[in-house]
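Report on the following structure.
Residue numbers (our numbering), protein chains in the order written: chain A, 1 to 273; chain B, 274 to 546.
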């Protein structure tokens with residue numbers, strides 16, 4: 001999916017919501033365990049209930065990988081079930097030397113047809129650029145993450161007072177364009193978004209950490225939104241595990257709707273039509 | 274596998290060689306394509322030919338993941354085929370927020386029974402510590418990598434002149450012990466190994482980059498060896514693709530033998546018996 005298609009989707013759905021498909025066999029409603037593929041059935045019902053409210057789905061690859069071959073099958077079926085006009089993110093945090101990153105890119109872009117993959121920047125340019133060589137596909141590079149450990153190294157200042165995540169933004173933005181790169185910035189670090197926008201005014205940001213991790217949409221929009229919206233705000237557990245009964249998908253829809261309505265107001269106030 | 278067992282293996286085999294199983298369907302000898310599972314057949318013959326010469330095997334997970342479900346099956350069969358007294362490394366470069374890293378740890382340690390996984394440190398403590406909670410399993414954390422992009426961020430100096438990889442070593446060594454953590458240090462950066470040994474005198478180092486990437490065993494041993502050896506030196510392409518005919522495994526054995534003999538001399542000179 002290209003940038004224009006993504007922006008058009010945001011404008012027509014009045015939403016910049018991404019839903020994290022972190023399907024965990026230990027957490028999904030127990031009545032689903034009777035299905036042949038409980039994980040896929042869970043995702044299918046979540047997608048049916050929320051597809052008009054969000055613009056992206058983000059399966060967390062670890063949850064599927066931890067189930068072995070059956071997990072990869074559930075993932076493939078889920079991906080095939082997501083409507084083609086919705087952006088898909090393989091949240092895989094991959095990254096290795098060039099020939100190996102190229103293999104990961106082929107795994108997610110060719111074998112599975114994801115629109116994007118999250119990529120860790122520690123190994124530098126040749127770990128990221130292989131993901132940029134596929135038409136209408138995206139690398140979403142970790143900049144400032146929402147977890148506690150995100151503070152261990154990402155905010156270390158260099159001799160000029162520049163923090164590591166700022167160096168990552170400044171260096172890596174030269175490897176691609178705002179048509180094939182996005183960045184991960186945690187919602188729990190919303191106050192940093194204005195600084196980040198000075199370095200990358202146009203790139204889309206994938207913002208996890210809303211809901212269960214404590215961030216909120218207003219702050220993210222206040223500091224991080226640009227003229228094209230430029231945001232994909234993710235919620236996972238707050239939506240998909242809103243209910244644990246047979247009505248779990250309905251409950252998920254209610255939570256997704258709350259976020260979508262909040263986003264519709266924000267988009268209107270920002271004059272994004 | 275615990276540290277003592279690994280050291281005993283090094284002493285008895287007179288080797289600290291790790292062989293990278295980067296099996297690529299486009300590079301393996303074409304006569305193998307007639308087998309039901311060419312990737313497994315390739316690995317099986319490589320293992321048969323080299324298992325007395327190396328102490329560890331390191332499948333590069335990207336190569337299997339890029340083949341989808343059939344790749345994961347080949348990987349599982351390969352892992353089951355490796356003799357139980359040889360150390361196994363899932364070269365996966367994983368790392369995410371705590372609950373997600375836990376899923377990756379379960380994938381590699383429980384579902385697949387690897388001894389260790391390589392982990393990227395960018396997301397900090399909670400991205401690494403879930404890998405440390407399994408008995409006799411190891412996290413191998415990226416410190417200074419052998420690729421060109423390794424220079425983009427890893428050698429950035431902070432206000433006190435400390436480079437990022439040094440910060441990673443100093444901070445992360447507090448998360449675990451030399452019984453459950455190792456570090457990746459590229460052979461192409463051998464001159465840095467003495468500095469690294471000042472920070473982590475006892476930890477094992479996984480050293481890729483010998484052979485195809487240009488590093489050499491003597492330099493690695495000179496600057497990086499400790500009283501327990503403390504090194505796993507990896508060669509992938511230089512061994513497994515030494516030949517492309519029906520005698521590929523024999524050619525691989527010759528290359529592995531050259532490195533093993535070099536290592537035997539080094540171990541003897543260092544008085545490691």
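Glycine residues also receive a C-beta, built at the ideal position from the N, C-alpha and C atoms.
Query - 9 Å Cβ cutoff met for residue 370(B) and residue 202(A) - result: Between residue 370(B) and residue 202(A), the C-beta spacing is not below 9 Å.
Query raised in the report: In chain order, which continuous runs of the beta strand (DSSP E) of length 3 or greater are located wholly inside the segment 26-104 of chain A?
Result: Within the segment 26-104 of chain A, the complete beta strand (DSSP E) runs of at least 3 residues fall at 56-59 and 87-94.
Query raised in the report: In terms of residues, what are the limits of the beta strand (DSSP E) holding residue 417(B)?
Result: For residue 417(B), the enclosing beta strand (DSSP E) stretches over residues 411-417.
Query - the segment 329-337 of chain B / the segment 349-362 of chain B touching (three or more Cβ pairs under 8 Å) - result: The segment 329-337 of chain B, when compared against the segment 349-362 of chain B, does touch it at the 8 Å Cβ threshold.
Query raised in the report: Which residue from 91(A), 223(A), 118(A) and 138(A) puts its Cα closest to that of residue 191(A)?
Result: Here the closest residue by C-alpha is 223(A).
Query raised in the report: In the structure shown, what three-state DSSP assignment does residue 387(B) receive?
Result: Shown here, residue 387(B) sits in coil according to DSSP, grouped into three states, outside any helix or strand.
Query raised in the report: Who are the near neighbours of residue 275(A) in its chain, counting only those whose CB is closer than 8 Å to its CB and skipping five residues on each side?
Result: Only positions 1 to 273 of chain A appear in this structure, which leaves residue 275(A) out of reach.
Query raised in the report: How would you label residue 172(A), buried or exposed, when you count the other beta carbons within 10 angstroms and need 16 or more for buried?
Result: Counting Cβ neighbours within 10 Å, residue 172(A) comes out buried, since at least 16 surround it.
Query - Reference residue 458(B); option with closest CA among 431(B), 403(B), 500(B) and 494(B) - result: Scanning 431(B), 403(B), 500(B) and 494(B) for the CA closest to the CA of residue 458(B) turns up 494(B).
Query - Segment contact flag, the segment 388-400 of chain B with the segment 128-140 of chain A, C-beta cutoff 8 Å, min 3 pairs - result: Because the criterion of three Cβ pairs below 8 Å is not met, the segment 388-400 of chain B and the segment 128-140 of chain A do not touch.
Query raised in the report: Out of curiosity, what's the CA-to-CA distance linking residue 188(A) and residue 214(A)?
Result: Between residue 188(A) and residue 214(A), the C-alpha separation is close to 6 Å.
Requested in this report: Answer yes or no: do residue 204(A) and residue 6(A) have a C-beta to C-beta separation smaller than 9 Å?
Outcome: Result yes, Cβ atoms of residue 204(A) and residue 6(A) sit closer than 9 Å.
Requested in this report: Measuring only between beta-carbons, confirm whether residue 106(A) sits less than 9 Å from chain B.
Outcome: At least one chain B Cβ lies under 9 Å of residue 106(A).
**Report entry** Within 9 Å of chain A by C-beta, residues of the segment 366-390 of chain B in sequence order
**Finding:** Answer in chain order: 366, 367, 368, 369, 370, 371, 372, 373, 374, 375, 376, 377, 378, 379, 380, 381, 383, 384 and 385.
Query - When 249(A), 78(A) and 100(A) are compared against residue 340(B), the one with the closest alpha-carbon - result: The residue with the shortest Cα to Cα distance from residue 340(B) is 100(A).
Query raised in the report: Are the Cβ atoms of residue 529(B) and residue 326(B) separated by less than 9 Å?
Result: With respect to the 9 Å criterion, residue 529(B) and residue 326(B) are classified as neighbours on the basis of their beta carbons.
Query raised in the report: With C-beta atoms as the reference, is residue 507(B) less than 9 Å away from residue 292(B)?
Result: Yes; because the gap between Cβ atoms is below 9 Å, this pair is in contact.
Requested in this report: Look at the Cβ atom of residue 23(A), then the Cβ atom of residue 74(A), and state whether they are nearer than 9 Å.
Outcome: Taking 9 Å as the cut-off, the beta carbon of residue 23(A) is found closer than this to the beta carbon of residue 74(A).
Query raised in the report: Is residue 175(A) near residue 145(A), with beta carbons less than 9 Å apart?
Result: No. Outside cutoff.
Query raised in the report: Taking the DSSP output, what are the residues bridged to residue 178(A)?
Result: Per DSSP, none; premise fails for residue 178(A).
Query raised in the report: Using a C-beta cutoff of 9 Å, does residue 226(A) count as contacting chain B?
Result: Taking Cβ atoms only, chain B never reaches closer than 9 Å to residue 226(A), which makes this a no.
Query raised in the report: If the cut is a Cβ gap below 7 Å, which residues of chain A does residue 336(B) touch?
Result: Correct list: 103.
Requested in this report: Check each candidate in 456(B), 472(B), 300(B) and 537(B) and name the one with the smallest Cα separation from residue 479(B).
Outcome: Answer by Cα proximity: 456(B).
Query raised in the report: Based on Cα-Cα distance, which residue from 179(A), 218(A) and 112(A) lies nearest to residue 262(A)?
Result: Of the listed residues, the one whose Cα sits closest to residue 262(A) is 218(A).
Query - When 8(A), 105(A) and 229(A) are compared against residue 338(B), the one with the closest alpha-carbon - result: Per the Cα distances, 105(A).
Query raised in the report: Do we get a CB-CB distance below 9 Å when we pair residue 430(B) with the residues of chain A?
Result: Chain A, which has a Cβ nearer than 9 Å to the Cβ of residue 430(B), makes this yes.
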